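K.L.:
With my numbering as the guide, the letters of the sequence shown map in order to residues 5 to 684. Think of the CB as a built atom: it goes at the ideal place given N, C-alpha and C, for glycine as much as any other residue. Note that this is a predicted model, so its numbers are computed, not measured.
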Amino acid sequence: MRFPLSWIGEYVDLPGDPAVAAEAFTLSGSEVEGMDSAEGETVCEFGITVNRPDCMNAFGLAREASVLFGRPLNPPPADCPEEGPPIQDLTSVTVEAPDLCPRYAARVIVGARVGQSPPWMQKRLLQCGLRPINAVVDATNYVLLELGHPLHAFDLDRLEGRRIVVRRAVEGEKITTLDGVERTLGVDHLVIADARRPVALAGVMGGEDTGVTPVTRDVLLEGAVFDPVNVRWTSKRMALHTDASHRFERGVDWRGPETALDRCARLILEICGGKLAKGRVDVAAQAPVRPPVRLRHARLEALVGIRVPPRRCEEILRCLGFGVERVDELAGVVWEVSVPSFRVDVSREADLIEEVVRIRGLSDLPSDLPQRVDPVGGRPAELLLEERLRDAFSAAGFREVVHMSMTDPALEAAVGEGPARGLANPLSPQASVLRTTLLGPLCAAVARNRARGQRRLALFEVGRVYLEGENGLRERPRAAAVLYADDPPVRWGEPEPPGLLHLKGRVETVLNRLGFRVSFVEEEGAPFHPGLRLTVLCEGRPVGRLGSLSGEALEAVGIKSGALHAAELNLDGFGESLPDPSFHPFSRFPAVIRDFTFLLESGIPWGRVESLLLALDLPLLSQVRFVDAYEGKGIPPGRKAVTFSLVFQSMDRTLSDADVAPVPDRVAGALQEAFGAVLR
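Quick look at the structure:
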C-alpha cells in the first residue's frame with residue numbers, strides 16, 4: 005500500500021528526514037517495507053496488517069504520526085454549502101437486506117461538469133498506484149486513499165426511477181461490472197439496484213451501465229457499511245478483488261460515510277462545479293454499541309515489564325482517538341476507555357495495553373525472563389503420559405500425525421464409536437462432526453499417502469475424542485496407531501509386510517516401556533475382521549482395541565487394496581497410574597540363557613505362558629524372551645510348538661550350571677500342570 009510522505013504531511017508535521025519517519029512508522033506497527041522517489045517526493049510502501057484498516061489511508065497514518073512525534077493533527081476540510089434542491093426530491097433509498105447493509109448513505113450533486121481531475125489529484129493517485137479516469141471517479145478514489153472509506157458514484161439520470169434499492173440478487177440475474185465482464189449472480193450476492201436491475205456489486209465494484217461519464221450532470225454518491233463476510237465471499241466467488249473490497253472485508257468505520265461523503269462532495273464541487281442537494285439520505289440500523297473497556301495501570305506494567313506513567317498512558321490513548329476516564333483510584337489507577345468507531349480491532353484490555361506499549365516503544369521492552377517459582381507438583385500427569393507415549397511410539401517405528409478434531413461423517417460411520425456431534429457452522433462437509441475415534445483420521449491419512457505411492461505406513465496419533473454422555477459432550481484422551489502394507493517383498497532379504505502380530509507386538513512394547521503389564525483377549529466387533537480383533541488389557545483392565553480392518557471398513561475409508569491393522573487406547577486414568585521411571589543397574593557379569601520348546605494346545609496364548617513363568621519367581625531370572633511359535637509339519641493337529649528363552653544373571657558373580665540346574669524341572673512341571681504342555 006503506497007503513500008507519499010508529503011500527503012501524510014498535509015495533516016501533520018513530519019520530520020525532515022524520511023528515514024526517521026519510516027523508522028517510527030515501522031517500530032509502531034505500520035511497517036514501511038520500502039521507499040522510492042517519484043517526481044521528487046518520497047513514496048513509502050506500507051505493509052499494513054489486516055487488523056488495522058484504520059491505517060489503510062493517509063489520514064490514518066497521519067493520526068499515528070501525530071502521536072509518535074507529539075504534533076497536532078489537522079483533518080482535511082469537509083464542509084460544503086448545500087445550495088441545490090432537497091435530496092428527497094431527487095432520489096430515494098430502500099434497504100431490503102439490513103443484515104448485509106446496516107447503513108447506506110447518499111448525497112446528490114446536480115449540474116456538475118465532468119472533465120479531467122486536476123494534475124495534483126492525478127499525481128496523488130498515480131503515486132498510490134491508481135489510474136486517473138475522470139474528475140468524479142478520481143475524487144471518490146482520492147477520498148478512499150485519504151480517509152479509508154470506499155465510495156461509489158452513479159450517474160443519477162441512468163438509474164431507473166432515480167432510486168436505489170439495496171437487496172439480494174435474484175438467482176441468475178446478470179450485471180456487467182466496470183471491468184467489462186458480465187457476471188451471473190446468485191441469491192447470496194448483495195447488489196445495489198435501481199427500480200429494474202442491479203447496478204453494482206455491493207462493496208466490490210460498480211456496474212458499467214450507470215457509471216459516471218463526461219456527459220453526466222447529476223451524480224449520486226454512495227457511502228455505505230457492508231457486511232465484511234458477505235463482501236469477502238462475493239469477492240472470492242467472483243475472483244474480483246478491488247481496493248473497495250479490500251477495505252470492506254476488514255471492516256470500515258460505522259461513522260465513516262458521513263465524513264467521506266462530505267469530503268468527496270466538496271472536492272467535486274471545487275473541480276466540477278454544480279450544486280449539492282440539501283441533506284443526505286441515510287438509511288441505518290441502530291449504530292453498534294461498543295461497551296467501554298476497563299484498563300488497569302498495574303496490569304499494564306506487569307504485562308510489559310516497563311514503567312509507563314499514568315499520565316503518559318492517558319495522553320497516548322487520547323491522541324489515538326480513545327476516550328479515557330479514570331474510575332477507580334483506591335485499587336490503583338483504573339480507566340474506562342471508550343473505543344472510537346474506526347478502531348474495529350480493539351475490544352479488550354490487552355488491545356489497549358498493546359496500543360500504549362507500541363507507541364511507548366516496543367524496543368524498550370526488557371528481554372530478561374520474569375522470575376517465577378514453578379508450582380509445587382511439577383507437570384501434569386496427563387502431559388507426562390502423552391510425552392512418554394509419543395517417545396515410545398516413535399521408538400517402536402511409528403511416525404506421528406496430527407489431525408483436527410473435526411472430521412468427515414463418512415469416516416465416523418465406518419470406524420466411529422457411536423453418534424458423532426455435528427457442528428453448527430462447519431468449515432466444510434468433510435469437517436462437519438467431532439471425532440469419536442482417532443482411527444478415522446488415521447485411515448484417511450493412509451488413503452492419502454497410498455494414493456501418492458506409499459505402500460507401507462506406520463502412523464500414530466495422540467489426541468482427543470468427543471463422546472456423547474449423560475451430561476453432554478465428554479472430551480477423552482486417546483492414542484491410536486496403524487500399520488499398513490500393500491506390497492510383497494520384491495528383493496531378497498526384504499522384510500515381509502507387517503501383519504496383525506507385528507502391531508500387537510509393537511503396542512505391547514510401547515506399553516511395556518511405560519511400565520505396564522499387558523495382555524490380550526480375543527473378542528469380536530466392528531470395524532475389524534471376525535476373529536482378528538483383540539481387547540488390550542493393562543494390569544488386567546481393558547484399555548483399548550486392536551485388530552485388522554474388515555474389507556467393508558477399508559472400502560468405506562477409501563483404501564482400495566492392502567491390509568490395515570489398527571489399535572486404539574483409551575488413556576483415561578493412565579496418567580495417575582503411570583510408574584515413575586527408575587534406574588536399574590546393569591550387571592557386570594555374563595548371563596546364562598536356557599532355551600525351551602514345549603508342545604501346547606493351539607488356543608493357549610503366549611501371554612498366559614509368560615505370566616506363569618514370571619509367577620514361578622525363579623531365582624536370578626532377569627528376562628523371559630519369546631522366540632517362536634510353530635504349527636505345521638511334524639506337529640500334531642491342534643497343537644503348536646512354542647520356543648522361549650529364560651535369561652539368568654547375577655549382580656555380584658558369574659553364574660555356574662549348578663545355579664540354574666533346577667530350572668528345567670520346575671518349568672516343565674509348572675507348564676505340564678497348568679496347560680498339559682510337553683517338553684520337546
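1) Output needed for V141: all residues of its chain with C-beta closer than 7 Å, excluding positions within five of it in sequence on either side, in chain order.
2) Among all the DSSP beta bridges, which residues are the ones paired with L624?
3) Assuming F652 and L624 form a contact by the criterion Cβ under 8 Å, report the distance between their Cβ atoms to the nearest whole angstrom.
4) Our contact map puts K282 next to G115 with C-beta atoms below 8 Å; I'd like the distance itself, whole angstroms only.
5) Give me the Cα-Cα distance between A199 and G165, rounded to the nearest whole angstrom.
6) Which residues bound the alpha helix (DSSP H) around K127?
7) Where V525 and G519 are concerned, what is the direct C-alpha to C-alpha distance, given to the nearest angstrom?
8) Which residue wins for smallest C-alpha separation from L697, given the options M410, A672, A485?
9) If contact is defined by three or more beta carbon pairs under 8 Å, each pair taking one atom from either stretch, is the segment 484 to 492 in contact with the segment 560 to 573?
10) Along the chain, where does the beta strand (DSSP E) containing T46 start, and where does it finish?
11) At what residue ranges does the segment 383 to 471 contain a whole run of the beta strand (DSSP E), taking only runs of 3 or more?
12) Note down the Cα distance separating A400 from L550, rounded to an integer number of angstroms.
13) Please classify E512: does DSSP put it in a helix, a strand, or coil?
14) Exposed or buried, S34, counting other C-beta atoms within 10 Å across all chains shown (16 or more means buried)?
15) Let me know the secondary structure DSSP gives A25 once reduced to three states.
16) Out of L94, G119, L155, which has the shortest C-alpha to C-alpha gap to R167?
17) Is it true that the segment 172 to 183 meets the segment 194 to 210, where meeting means three or more beta-carbon pairs spaced less than 8 Å apart?
18) Can you give the Cα-Cα distance for R352 and E527, rounded to whole angstroms?
19) Taking R56 and D349 to be in contact with their CB atoms under 8 Å, please state how far apart those CB atoms are, rounded to whole angstroms.
20) Within its chain, find whatever has a CB closer than 7 Å to the CB of A26; leave out the 5 residues flanking it on each side and keep chain order.
21) Helix, strand or coil: how does DSSP classify F7 here?
22) Let's see if you can read the secondary structure: which residues bound the beta strand (DSSP E) around H250?
23) Please name the residue or residues paired with N574 in a DSSP beta bridge.
24) If you follow the alpha helix (DSSP H) that V361 is in, where does it begin and where does it stop?
25) Would you call the CB atoms of F346 and G260 closer than 8 Å?
26) As a quick exercise: from V561, V511, P666, L471, pick the residue whose alpha carbon is nearest that of L538.
27) Rounded to the nearest angstrom, what separates D222 and I113 at their Cα positions?
28) Candidates L151, C59, A291, R403: which alpha carbon is nearest P688's?
29) Can the beta-carbon of I357 be found less than 8 Å from the beta-carbon of L324?
30) For E416, count the other beta carbons within 10 Å of its own beta carbon; 16 or more makes it buried, fewer makes it exposed. Which is it?
31) Out of V219, T441, T601, V71, point me to the one whose CA is closest to L160's CA.
32) Going by the beta-carbon positions, is the gap between L575 and A483 smaller than 8 Å?
33) When you compare each of G133, I137, D266, Q131 to G119 by their alpha carbons, which one comes out closest?
34) So, is F587 buried or exposed, given that buried needs 16 or more other C-beta atoms within 10 angstroms?
35) Would you decide whether W339 is buried or exposed? Buried here means 16 or more other CB atoms lie within 10 Å of its CB.
36) Should the segment 425 to 436 be called in touch with the segment 611 to 631, which here means at least 3 C-beta pairs below 8 Å?
P.N.:
Here's the rundown:
1) A157, V216
2) DSSP output for L624 lists no bridge partner at all.
3) 5 Å
4) Wrong, their Cβ atoms sit about 14 Å apart, outside the cutoff.
5) 6 Å
6) 123 to 131
7) In this structure, the CA atom of V525 is about 20 Å from the CA atom of G519.
8) Absent from the structure is residue 697, since the part of the chain shown begins at 5 and ends at 684.
9) yes
10) Here the beta strand (DSSP E) through T46 covers 45 to 51.
11) List check, beta strand (DSSP E) in window: nothing returned.
12) 16 Å
13) If DSSP states are grouped into helix, strand and coil, E512 belongs with the helices.
14) buried
15) helix
16) L94
17) With a cut-off of 8 Å, the segment 194 to 210 and the segment 172 to 183 count as touching, because enough Cβ pairs lie within range.
18) 55 Å
19) Rounded, the Cβ-Cβ distance is 6 Å, consistent with contact.
20) V36, M39, C48
21) strand
22) Note, H250: premise wrong, no beta strand (DSSP E); alpha helix (DSSP H) at 247 to 252.
23) R482
24) 353 to 364
25) yes
26) V511
27) Between D222 and I113, the C-alpha separation is close to 6 Å.
28) No statement about residue 688 is possible, as the shown extent of the chain runs from 5 to 684 and does not include it.
29) no
30) buried
31) Across the set V219, T441, T601, V71, the C-alpha of V219 shows the shortest separation from the C-alpha of L160.
32) yes
33) I137
34) exposed
35) By the neighbour-count rule (16 or more Cβ atoms within 10 Å), W339 is buried.
36) no
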